[in-house]
Structure formats: structure tokens, C-alpha cells
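Let me begin by presenting the structure, written as C-alpha cells, before commenting on it.
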Amino acid sequence: MMAPAAPVIRVDGVSRWFGSVVAVSDVTFDVTPGITGLLGPNGAGKTTLLRMMTGLADVSSGSVKVFGQSVRDNPPLYQRMGVMSEHESVYGFMKGREFVRMMAKLHGMERIDEAVDRAIDLVDLADAQHRPMRTYSRGMRQRMRLAGTLVHDPELLILDEPLNGADPRQRVHFKRLLQKLAAEGRTIVLSSHILEEVEELADTVLLIVNGKLAASGEFHAIRAALNQRAYHVKVVCSDPRGLASAAVGLSSVDAVHVDPDGGVLILSRNVLDVQVELPRLAQAGGISLRRVEPLDDSLESVFGYLVEG
Amino acid sequence: MGAVYSLTLRQLSGKWRLVIMTVLAALPVLIAVLMLHSAHASSVKNFEDVVLSTMLAGSIAPLVVLAIGAAAFANEVEDRTLANLTLAPIPRWKIVLPKLLATITIAGPFVAVSALLTSYVAFLGDARAVLAVTMSALVGVALYASAFVWLGLVSTQAIGLGLLYIVLWEGFFSGFVSGIRLLSIRYYAIGLMHGLDPRRFATGNNVSFGAAIALCAVVFAGFLLLAVRRLRRMDVP
Chain B
175 MMAPAAPVIR
185 VDGVSRWFGS
195 VVAVSDVTFD
205 VTPGITGLLG
215 PNGAGKTTLL
225 RMMTGLADVS
235 SGSVKVFGQS
245 VRDNPPLYQR
255 MGVMSEHESV
265 YGFMKGREFV
275 RMMAKLHGME
285 RIDEAVDRAI
295 DLVDLADAQH
305 RPMRTYSRGM
315 RQRMRLAGTL
325 VHDPELLILD
335 EPLNGADPRQ
345 RVHFKRLLQK
355 LAAEGRTIVL
365 SSHILEEVEE
375 LADTVLLIVN
385 GKLAASGEFH
395 AIRAALNQRA
405 YHVKVVCSDP
415 RGLASAAVGL
425 SSVDAVHVDP
435 DGGVLILSRN
445 VLDVQVELPR
455 LAQAGGISLR
465 RVEPLDDSLE
475 SVFGYLVEG
Chain L
-15 MGAVYSLTLR
-5 QLSGKWRLVI
5 MTVLAALPVL
15 IAVLMLHSAH
25 ASSVKNFEDV
35 VLSTMLAGSI
45 APLVVLAIGA
55 AAFANEVEDR
65 TLANLTLAPI
75 PRWKIVLPKL
85 LATITIAGPF
95 VAVSALLTSY
105 VAFLGDARAV
115 LAVTMSALVG
125 VALYASAFVW
135 LGLVSTQAIG
145 LGLLYIVLWE
155 GFFSGFVSGI
165 RLLSIRYYAI
175 GLMHGLDPRR
185 FATGNNVSFG
195 AAIALCAVVF
205 AGFLLLAVRR
215 LRRMDVP
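These protein sequence lines are chains B and L, in that order. Going by our numbering, the first sequence opens with residue 175, and the numbers climb by one from there. Going by our numbering, the second sequence opens with residue -15, and the numbers climb by one from there.
What follows is the structure, encoded as C-alpha cells:
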């Protein structure tokens, strides 16, 4: 029997605090090749964790190892890593190509022009490469920064909120690019506060809430758990009492309440069932649905459920 | 190192910064011309005290270098672009040293030309005196640069702290408390100037030539090492 491959990143009991504020608390996980999504609401500690994983910030306790080596104060390791921070700041006076070229030089590349051409083609920005970066849109800046991150062909990519500012077309391109890079055997860690974004890309998910690792593992198992949680939906319709009596008969509905303002509040433990059955019930009863509003579909409530669960 | 050096040259060559430095560098020349044409011609000692020591070495040179040196890292920290450099597989000294050299490259010519013209006007073209003043001014630039580049890494208030240092330490205390001169870049530069042309400049209560050379080397290397250490240990934004 073969021994399991060593993790590319090992985060072991890592904590980080700033004065009395604990940003990350005793987090332990391994990252293996493929795409890993670091998911959590804003302020959950994702960026602090990523910064410790890249060596940009020190840990207060615990250890981070990348390719078996301590990542902090270990510049040679960056030959194998590509890191894109969440900040969109660029050297505005530089043309896109100059930036990628500088990154290639900093990484000691030999065939610089070849590497720069390849990286810029990957992000599909050849047409804009000779423009100063201050003239770029947010999405273009992100893509040119990604080109700078990819120019030395790293084995490990760590990307903090990489889809920020990207328009829908750019998102599709970006997702395809990451999938291609992962299929080539690279390890990619990307953070996001948007569930669907990670769902489409990541094989494995790390859920961070209040600086703690709330859940980790294969995405679909976590998603299934989410679908079983208590879920409130507010419905505004032409016949609140009629819809309430029909909905109470559904096996997935735990409670129904008609608000004094005419809204129907449904509590269910099966989101998918409610999504499918509600329009059917309305149609059968000749009821017009004016508004269907999930009351606790925010990412924070999802994380809250997972943590409490 | 070339990539960091050329990046820093471009970052620090802003139009307004260069205009301010030109105005500052022109001041000692202007004062020298006025003093020369004044009805009460100054003695060499008086000229040295007012123009070369207080103004050039103690004010203009540090102000010009502060405007450049403090920004070498502070701009990157403020703009959050420093990670582009620290996430590269290069030792930290290869980031600090080119930033320091770029600071000297930009500030050096302004201060050197100012020192050269000021001394040329004041000493009527005496080559040795002109060389002594210009060389010591350039060394002063290098020392101030090492201090202010480090300061830009340590504090987000580098300009304010640098101004306090220039006014209080180099300008006030070192002029009154002679012991402080051993810890004053201004007096290292003056000590070098005296050593390079003892014929022209009177010896006084200054740092000796030998001590000035040794202290210059210690200060330059010391701040360089402190900056490298800081960059290795800091949390990069």
C-alpha cells in the first residue's frame, strides 16, 4: 500500500492575535494538490490565515510549512510559490507588460520575454499589455497581477479573493484558467466570501468563521449539510392564509406563520423541497406569488449554522 | 537587484518631489551669493557655521534626503505593493540595498550640485575646498539616506519623525551639546570636510577626520543592517 502524499501546505495549531483580538485561533489543516477554497464571511480571518500561509505575516503560535519547510523568512521557497494578495494596488506608472517583466526578473527567470508572453496570454490581456496599469479596470488589474503571479510557473498558487472586481466574462475565463492550472497538477488555494464562487471551483473547502476552522472537507458533503439546516422564507402573495394552509401540509415544512402585514413566514429543514414545492402549491391554489425572500440565506447565517451545528 | 533599483528610481522621481528638491538645493547657493556681495563680508568660519554646517549639512541635505528616502519603503507600505518584492525568492538585503542606492542616486546630485556651487562661489573656485565640501555633502547624503530608508520601514510617520530628528537632534541639540556631535551625521560630514581640506577650514570642536570616517562606515552599515532585519521580521501589508 502506498503512503499518502505529503501535504503541500501543513497548517498546524496556528493562532494569530493582535493585542487582545484573536484573528485566527488554533487552526489545523493540510492542503493537497487540486483547488482548495478558503471560505468565510468578511472579517472571519481568511486573509490573516493566508498571509501566515505565505510568510507575509508571522504566527503567534503554531507552525506553517510549505513543501515541508517553514515559510516565514524563507525567500527561496517563493521560487515554487505564486501569491496574489487581496489588495488591488498596482504600480500605476508601469505598463502591464513592464510589471510582469519585473516579476519575472525578481524570480530570476532566464527566458524573460517568452515567460512574459506566456503569462499575459494566459490571462488574455495581450491587447492591453502596453498600457499603463493606472488606466486598467479593476478586473484587468487583477488579471495582470495574476499574470505576474504566474510568470515563473509556480507549483503552488495562493490567491486571496481573486475574483474581486471581475465582470462575468472575466470570471468565466478566470475559472477556466484555474481549472486548467489545477488539472496540470498544481496546488491552488483561493479565498472567497462567496459560496457559489467556491462551489464552482474548489474540490475541497475550508470554512473559517470567527478565526476558527468551522468545517473542512469535500464541498458537496458540506453543501448537503447546508441544505438540511433550518431555513426561513418570507412569502408575499395574493392569498396568505390559503398559501399557509397549503404549505403546512408539506413534510419538509416545520412551521408556518402569517404576519399581521400579510406575509407568510415558512420554516423548513429542506431548502430544495421548499424551492420546488412553493411555486407548485401557488399554482394549484391560484395564488400569485409577489415576493419570495430567504431571510437567513446570508453567508454569515450559513456559517452560523455550521458552527452551531 | 536591478529590477528593484529601477523600480525605486521611477517611484521616487515624481515631478513635484523633484521641484521641491530643486528649490531646497538652490537656497544655499543663493545665500552664498548674497553673503559674498554683502557689505560685511563673512569670515570662512562664519560662512562654514551658517551656510555649510547649519544650512547645507544640517538642514538642506537631510530635508532633501528625507523627502526621497522615507518614501523608498513608505510608499510601498502605504500602497500595499511591498509584497510584490518580499514574495520574490531574493534575500532581503537585495531589496533594501537597491532602494538605498536609488535614494542616493536621486538625492545625491541635488545636494552635490548645491554644495559644489555654494563652495565654488564662496571660495572663489578653490578646487580643494570645493572638493572637500562636495565630497562631505555626498557622504552626508549616503548617511541620511540609510537612516531615513530604515525609518520609512519602521514607521508610517517617517516624514514627521524625520523632521523632528532634523530640527531637534541635528539642528538644536548637536549645536549646543558637544558630546552629541559623536552621534550627529551633520558633524560627521563637517569632520570629513575639515579632514579633506584642513588648510581652508579651521579645526574646532568637531569630530576628527579618522573618527568621522569610522563613524560614517558604522552608521551606514548599521542602518542598512537594521533595515534588512526589519524587513525580515515585519508583517508585510
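Each residue gets a CB set at the ideal place from its N, CA and C atoms; glycine is no exception.
Next item on the list: Please go through the region 80 to 161 of chain L and give each complete alpha helix (DSSP H) segment of 4 or more residues, from N-terminal end onward.
Entry: Every unbroken stretch of the alpha helix (DSSP H) spanning 4 or more residues and falling wholly within the region 80 to 161 of chain L is given here in chain order: 111 to 138 and 142 to 148.
Checklist line | Contact set for L/F157: own chain, Cβ-Cβ below 6 Å, skip 5 residues either direction | finding: Taken in chain order, the residues that qualify are I164.
Note to self: Helix, strand or coil, according to DSSP, for B/L374 in the structure here?
What the structure shows: A small fix is needed here, since residue 374 of chain B is Glu in this sequence, not Leu. In this structure, B/E374 counts as helix in the three-state DSSP scheme.
Item checked: Interface partners of L/R(-6) on chain B, CB under 7 Å -> Simply F267.
Check: Listed from N- to C-terminal order along the chain, which residues in the region 62 to 86 of chain L have their beta-carbon within a distance smaller than 8 Å of any beta-carbon of chain B?
Finding: Those would be D63, R64, T65, A67, N68, L69, T70, L71, A72, P73, I74, P75 and R76, in chain order.
Check: Considering B/E288, what are the terminal residues of the alpha helix (DSSP H) in which it resides?
Finding: Per DSSP, B/E288 belongs to the alpha helix (DSSP H) from I286 to L296.
Next item on the list: Verify the CB distance criterion: does L/V220 have a CB-CB separation below 7 Å to chain B?
Entry: Proximity of L/V220 to chain B, defined by a Cβ-Cβ separation below 7 Å, is satisfied.
Check: From what residue to what residue does the beta strand (DSSP E) around B/Y405 run?
Finding: That run of the beta strand (DSSP E) goes Y405 to C411.
Margin query: Here's the rule: buried if 16 or more other CB atoms are within 10 angstroms of the residue's CB, otherwise exposed. What is L/T(-8)?
Written below: It counts as buried.
Note to self: Can you check whether the C-beta of L/A(-13) is within less than 7 Å of a C-beta belonging to chain B?
What the structure shows: Yes, contact with chain B.
Item checked: At least 3 beta-carbon pairs within less than 8 Å: the region 416 to 431 of chain B vs the region 377 to 385 of chain B -> Too few Cβ pairs lie closer than 8 Å, so no.
Margin query: If the criterion is Cβ atoms closer than 7 Å, does the pair B/K408 and B/E451 meet it?
Written below: For B/K408 and B/E451, no; Cβs fall outside 7 Å.
Notebook entry, point to check: Looking at B/V257 and B/L321, is the spacing between their C-beta atoms short of 7 Å?
Noted result: The amino acid occupying residue 321 of chain B in the given sequence is Ala; Leu does not appear at that position. It is not a contact, given that the beta carbons lie outside the stated cut-off.
Checklist line | Opening and closing residue of the alpha helix (DSSP H) in which L/H178 lies | finding: It spans I169 to L180 - the alpha helix (DSSP H) in which L/H178 sits, taken as one unbroken run.
Item checked: Nearest to L/P82 (by Cα), restricted to the options L/A196, L/Q(-5) and L/L36 -> Nearest Cα to L/P82 within the set L/A196, L/Q(-5) and L/L36: L/Q(-5).
Checklist line | Proximity to B/L439 [Cα-Cα], best of B/L446, B/L417 and B/G459 | finding: The residue with the shortest Cα to Cα distance from B/L439 is B/L417.
Notebook entry, point to check: Along chain L, which residues have their Cβ under 8 Å away from the Cβ of B/Q157?
Noted result: Nothing can be reported for residue 157 of chain B: it is not among the residues displayed for chain B, which extend from 175 to 483.
Item checked: Among B/A231, B/A420 and B/D433, the one whose alpha carbon lies nearest that of B/R454 -> Per the C-alpha coordinates, the member of B/A231, B/A420 and B/D433 positioned closest to B/R454 is B/A420.
Next item on the list: Report yes if the CB atom of L/V35 is closer than 7 Å to the CB atom of L/F94, and no otherwise.
Entry: No; because the gap between Cβ atoms is not below 7 Å, this pair is not in contact.
Notebook entry, point to check: How big is the Cα-Cα spacing for B/M227 and L/A198?
Noted result: About 43 Å.
Next item on the list: Give the interface partners of B/D247 over in chain L, defined as CB-CB distance under 7 Å, in chain order.
Entry: Near B/D247 (Cβ distances below 7 Å), the residues of chain L are R216.
Notebook entry, point to check: Are the CB atoms of L/A45 and L/R1 nearer to each other than 7 Å?
Noted result: The criterion of a C-beta distance shorter than 7 Å is not satisfied by L/A45 and L/R1.
Next item on the list: Consult DSSP for B/H394 and reduce its assignment to one of helix, strand or coil.
Entry: Of the three classes helix, strand and coil, the one that applies to B/H394 here is helix, per DSSP.
Checklist line | Rounded Cβ spacing between B/V198 and B/L223 (contact assumed at less than 8 Å) | finding: That belief holds up - the Cβ atoms of B/V198 and B/L223 are roughly 5 Å apart, short of 8 Å.
Note to self: By the DSSP assignment, the alpha helix (DSSP H) with B/S419 in it spans what residues?
What the structure shows: Annotation: the continuous alpha helix (DSSP H) that includes B/S419 extends over P414 to A421.
Item checked: Contacts of B/P336 in chain L (Cβ-Cβ under 8 Å) -> Ordered by position in chain L, no residue passes the 8 Å Cβ test against B/P336, which lies about 15 Å from the chain.
Next item on the list: Check the Cβ-Cβ distances between B/M276 and every residue of chain L, and say whether any is below 7 Å.
Entry: Chain L, which has a Cβ nearer than 7 Å to the Cβ of B/M276, makes this yes.
Note to self: Is B/V297 close to the ligand FAD? I mean its beta-carbon at under 6 Å from any heavy atom of the ligand.
What the structure shows: The ligand FAD is absent from the structure shown, which contains no ligand whatsoever.
Notebook entry, point to check: Does the beta-carbon distance from L/A99 to L/L11 come in below 7 Å?
Noted result: No.
Margin query: Would L/A54 and L/F132 be called neighbours here (beta carbons separated by less than 7 Å)?
Written below: Their beta carbons are under 7 Å apart, which means L/A54 touches L/F132 by this criterion.
Item checked: Supposed close pair B/A293, B/I286 - CB separation, criterion 8 Å -> That pair is no contact at about 11 Å.
Next item on the list: Using a Cβ cut-off of 8 Å, pull out every chain L residue sitting near B/V407, in sequence order please.
Entry: Within 8 Å Cβ-Cβ: nothing; B/V407 doesn't reach chain L, min ~41 Å.
Check: Can you tell which of B/F192, B/H347 and B/V410 has the C-alpha that lies nearest to the C-alpha of B/S462?
Finding: Of B/F192, B/H347 and B/V410, the residue nearest in Cα terms is B/V410.
Next item on the list: Just the C-alpha distance for L/V114 and B/V196, rounded to the nearest angstrom, thanks.
Entry: L/V114 and B/V196: Cα-Cα distance of roughly 60 Å.
Note to self: Looking at the secondary structure, which residues open and close the alpha helix (DSSP H) in which B/K279 lies?
What the structure shows: Its alpha helix (DSSP H) spans residues G270 to L280.
Notebook entry, point to check: Residues of chain B with a CB under 9 Å from the CB of L/L(-9): which are they?
Noted result: Per Cβ cutoff of 9 Å: Y265, M268 and M276.
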